[in-house]
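To keep things clear, I will list the structure first and then write my remarks on it.
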Amino acid sequence: MNTRYDSRATDHHFKEEDLVWIYNPKRRRCLSPKLQQNWEGPCTTVKKLNDVVYRVQRSPNANRKVIHLNRLAPYRATDHSSVTSSEPMSRPS
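Next up, the structure:
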């Protein structure tokens, strides 16, 4: 039983000032769960409290939250400048 848990457990380790996503599913009325956003962020890790618990903060003025490691994911910035070009795309003939 422990091997099944270990296969799905994350092995991320974050340092202070790393950007992360927080998994926080909120059920909203009148919107399908499939269309709801379950991840919040990016947030900044403020302090590592122990091996699996971190203190994170959404913005400098926001309250700090204590979050378990399994609810965190590393934030990877995406660069969309390579997707958009200054020249209009021509239609295939």
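Letter 91 of the sequence shown, counting from 1, is numbered 91 in the working numbering, and no numbers are missing.
The C-beta atom is built at its ideal place from N, Cα and C for all residues, glycine as well.
Tell me which same chain residues have a C-beta within less than 7 Å of the C-beta of residue i, skipping the five on either side of it?
i	result
R28	Q36
H68	V52 and V53
D6	none
Within 10 angstroms of the Cβ of residue i, are there 16 or more other Cβ atoms? Answer buried if so, exposed if not.
i	result
Y54	buried
C43	buried
What are the start and end residues of the beta strand (DSSP E) that includes residue i?
i	result
T45	W39 to K48
R64	R64 to H68
A77	Here A77 belongs to no beta strand (DSSP E), and DSSP marks it neither H nor E.
L35	Premise fails: L35 is in no beta strand (DSSP E) and is neither H nor E.
By Cβ distance below 8 Å, which residues in the same chain neighbour residue i in space, the five residues on each side in sequence not counted?
i	result
G41	L19, V20, W21, I22, R58 and Y75
W39	W21, I22, Y23, N24 and A73
S90	Below a pLDDT of 50, predicted positions are generally treated as unreliable, and S90, at 49, falls in that range; the measurement from the model is reported next regardless. Closer than 8 Å at Cβ, skipping near neighbours: no residue.
H12	L69, L72, A73 and P74
Could you pull out every residue in the same chain whose Cβ sits closer than 6 Å to the Cβ of residue i, ignoring the five residues on either side in sequence?
i	result
K15	none
K47	R55
Got a sec, what are the start and stop residues for the alpha helix (DSSP H) residue i sits in?
i	result
R55	That residue, R55, is in no alpha helix (DSSP H); its beta strand (DSSP E) goes V53 to Q57.
Y5	N2 to R8
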